[in-house]
Each structure stands twice: as structure tokens, then as C-alpha cells.
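Residue numbers (the numbering used here), protein chains in the order written: chain X, 9 to 204; chain P, 40 to 321.
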């Protein structure tokens, strides 16, 4: 619950309307990841492996989000009807586009495992053509759809029914859209909360 | 999978009957306190972050708890009597299930007494903290004047017909000192059955001050505990150290509906039978 203080009155209404928070903290207070010894019981399984997830360490602040979030991520990033390589192309491209260093770095590894070459990754990250790198038509269609979805709602709608639909079945467009949306969500979350 | 309330109630009753979880639900009314005890688990004091759980919210949560098969309540803090709505809340809870409120009773003076009188003959007991028959020893841990005010309140509340228990928190367990304390509470008309002795737990300010015994989850009573900032699996869970609320026994942040926390409680504690040899700490 927000506590009212005398200083609230000093902030003009116009500033509140413009969205200036009523309590302005002078010092940034980062959200501190939770270590395994302080982890809520529901988060412990996600923090006790050999490579505890930085994402889990933040989600642990709200334990009821941990299992559903990782379940959701498993359904999208785990084995599915879309080929791993295609999915990793989309994830690396969107993560680079959104400037999420954590997602770009972690998926660089997953992409290599899924058969994406180093120069292909360089092309995805550079947002520019790289000599000798050409993606298959289906891959280009998936990337174009994901980029539009990330940047422009109206273009995304057209792309879903147009370009993407020309190369993918209905269910594949749905899976691609969720893949792109989940990646956007995680890019934003990791960047905003300082997951590095 | 969302199970229905009746299915969840059956699960709760089974878990309670097996001893895996307690039948009592605890509410942290506030983290503020008028005292600053050396061994406080929650770093409570006059300037503590209040983390107040409103009496209206406690009423709603209590109704949900009864619906889900719990059969007793506890109110703690901080000092619950700092909440001006507390006397009426205690009467409300006591009319529904056996209720205990943990208090230093220093605020249960003549002024508050008329509002506490309805608790006479009810299922609500005030558990008043008293650590020693020696005022100096008690006050060294709990603050100057706290012994005299607690003893005066015990007499006053007993005279008003309100059930009083004594809660003693000790570090060393000196048997002779404990004997003198028991003689005192008997002289105040309080039976041995209404005297609870527990060790200092090394969490919160006690840990900062190097007091008490270290505990792990198995030592903490498995009783559902609601704070303003989340649901915990034990009243010893939501402690505060260096201003930070502990998360190691946090079940969920969502307090209402309580069913969410209850499901997490059953998942975390429901299957485990309590270890009979483990020390009881609350």
C-alpha cells in the first residue's frame, strides 16, 4: 500500500498526470536476485542446479510465478512442432533487435547447438547482410514476420495473414507468434531488471 | 489444475490429521512495535516498516481459512494492539475459532480495557511475553518498564475474566530462573498449561545480536502464516534482517484468495510428517 507523506503535496498534479512517480527515489535500488539459501520452497528446484537460472533468481521474489513461467518457456522453447534451428534464428534476431544482451548471449549457445553457424549468428545480430550468408525462404519469412511483430502491430497483422501464411501452416503461424511474443516479453523483463 | 474448495478442504483436514501441517492460521497484523527486544525475529520497533495487514483483510482471510478446514487463529507482529481495530478483530476471531494473540500487553492499560472486556469468556487468549521473574533480566532484553507493565496487565486482564497465557523466550534455559518465573505466573493465577517456553531463534535481530539457536525448515512449526507481503509456511518464516523480509519460507505473494497459499502449503509441507524429535520453536 502506498504511504502518503507530506512531500506528496509538493508534486504538482500536472507532473502526476505526466506520469512522474509520486515517490522519487534518489538512489537506484536494484532488484536483487535471490540466492538458493534464501529461495522460497517453490523456487528451490529452479535455483539448485549446476547452472542456476538468472531469470529464476529474480522470479523467486514471486514464487507462484516460477513454475508457470518455466512451464510456459518449456512449451515454447523446448521441443515443438517448429524446428529448433528456425526458432533459434527468431530468438537471436529479436533479442539482438531489442538490445537484450542476456538473451542474445544465452541463445547464441543454443543457436549453435541447433546448427546455426557463427556467421549466420553474426548476420542476425548485425541487422545487416553478411557476405555468404543466405537464409532459406521459410527462414526469411519467419524472421520478417517476427520483426514486424516486434516493431509494428499493424504490419504484424498483415504479415501473419500474408507473408508468414504463405510459408507456414495455421498452427505454425500461431507457434511462431507465441515464440516471438514470449521472446519480446523475456527481452524486456531481463533488460529492465538487469539480468546480465 | 484447480481443485474445488471442498476437495481442498479435505486435503487440509487430512494433512492436519496426519500432523503434517497445523490447524492454526497466523496473521502478522503489523511489524511495528512499541518495544525493541534484543531477540526480536522481525526487527520490530517504533520505526519498523509497518507491513500492516488490515483488520478487514484479516477478517476476510479468516473466513476463507475456516472454509478451507483450518480451525484456529493466531495474531502476531510486531505488537498487534498497536492496530486500533485489534480488540474488535480479536472478538470477531474468537467468536469463530480458538484464537491466540501474541502481545507485550504494555498497551493493555485501563484505557483499552473496556474494549477488551468482550473477550472475557471467549475463545481468545492473550499470550503475554514475560521472560523472567526478575524485572531487571526481563527488561534488559525487552526494554525498561516492560516487566512492570506486563505484570500489571496480566492482573488487570485476569480480573476482567480474559484468558491470559504467558510466553517466555529464553536463551540459556536456566532451570532455577524458570522455576522462579513459574512461581510468579502461578501466583498470578495462570496454570502451567498456559505457560509457553520457547528458545530464541537465530533469525532477525536475534541473529544480528548473535543470540539463540539456528533452525532449519524442519524445526519451524508448519503453520500457515499470512503477512501483508505474502503467505509463509511457518510463523517463524517471515522474519526481518537488515530491513529485509526473509524469503526462505515464502510460499506465495498472493494473499487472497487464501486457497492459493493453502495449495502451496500442502505442496511444500503437506506430505511431510513432523519430526517428533525436532525442537519446537513457536
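Using N, Cα and C, we set each Cβ at its ideal position, and we do this for glycine too.
Model, not experiment: these values are computed from the prediction.
Item                                                                                                                                                                                                 : Value
Can you list the residues of chain X that residue 279/P reaches, using a CB-CB cut of under 7 Å?                                                                                                     : In chain order: nothing, as chain X lies at least about 13 Å away.
Counting beta carbon pairs with one atom in the segment 215–229 of chain P and one in the segment 56–65 of chain P, are three or more of them shorter than 8 Å?                                      : no
Tell me, which residues are paired with residue 119/P by DSSP?                                                                                                                                       : Answer by DSSP bridge pairing: none, since residue 119/P is not bridged.
Per DSSP, residue 237/P forms a beta bridge with which residues?                                                                                                                                     : 208/P
Would you say residue 69/P faces chain X, with C-beta separation under 8 Å as the test?                                                                                                              : no
Look up residue 66/P in the DSSP assignment and say whether it is helix, strand or coil.                                                                                                             : strand
Could one say the Cβ of residue 154/P lies closer than 8 Å to chain X's Cβ atoms, at least one of them?                                                                                              : no
So is residue 47/X in contact with chain P if we call contact Cβ pairs under 8 Å?                                                                                                                    : yes
Grab me the residues of residue 253/P's own chain with a C-beta within less than 7 Å of its C-beta, minus the 5 sequence neighbours each way, in chain order.                                        : 241
Just to confirm the assignment, what range does the beta strand (DSSP E) spanning residue 269/P have?                                                                                                : 269–271
Assign residue 319/P to one of three DSSP states: helix, strand, or coil.                                                                                                                            : Interpretation of residue 319/P is limited by its pLDDT of 48, a score under 50 that renders its predicted location unreliable; no figure is taken from the coordinates.
Starting from residue 42/X, find everything on chain P with Cβ-Cβ shorter than 8 Å and list it in chain order.                                                                                       : 286
Tell me whether residue 147/X is buried or exposed, calling it buried when 16 or more other Cβ atoms sit within 10 Å of its Cβ.                                                                      : buried
With hydrogens ignored, establish whether the beta-carbon of residue 290/P is closer than 7 Å to any heavy atom of the ligand COA.                                                                   : You won't find the ligand COA in this model; it holds no ligand whatsoever.
Please state if the CB of residue 107/P and the CB of residue 265/P are separated by a distance shorter than 8 Å.                                                                                    : no
Classify residue 54/P: buried if its beta carbon has 16 or more other beta carbons within 10 angstroms, exposed otherwise.                                                                           : buried
Does residue 95/P come out as helix, strand or coil in the three-state DSSP assignment?                                                                                                              : helix
Identify the residues that DSSP records as bridge partners of residue 84/P: which are they?                                                                                                          : 71/P
Step through the CB atoms of chain P and report whether any lies within less than 8 Å of the CB of residue 76/X.                                                                                     : no
List the endpoints of the continuous alpha helix (DSSP H) containing residue 60/P.                                                                                                                   : Careful: residue 60/P lies outside any alpha helix (DSSP H) and carries neither H nor E.
Please go through the same chain and pick out, in chain order, the residues whose beta-carbon is closer than 6 Å to the beta-carbon of residue 164/P, but skip the five residues on each side of it. : 139, 202 and 204
With a cut-off of 8 Å, does the C-beta of residue 121/P fall near any C-beta of chain X?                                                                                                             : no
Touching or not, the segment 287–294 of chain P and the segment 113–132 of chain P, by the rule of three or more beta carbon pairs under 8 Å?                                                        : no
Please report the straight-line C-alpha distance between residue 143/X and residue 82/X, rounded to a whole angstrom.                                                                                : 26 Å
Who does residue 203/P pair with in a DSSP beta bridge?                                                                                                                                              : 165/P
Restricting to Cα atoms, I'd like to know which of 304/P, 243/P, 303/P and 110/P is closest to residue 275/P.                                                                                        : 243/P
Any beta carbon of chain P sitting closer than 8 Å to that of residue 155/X?                                                                                                                         : no
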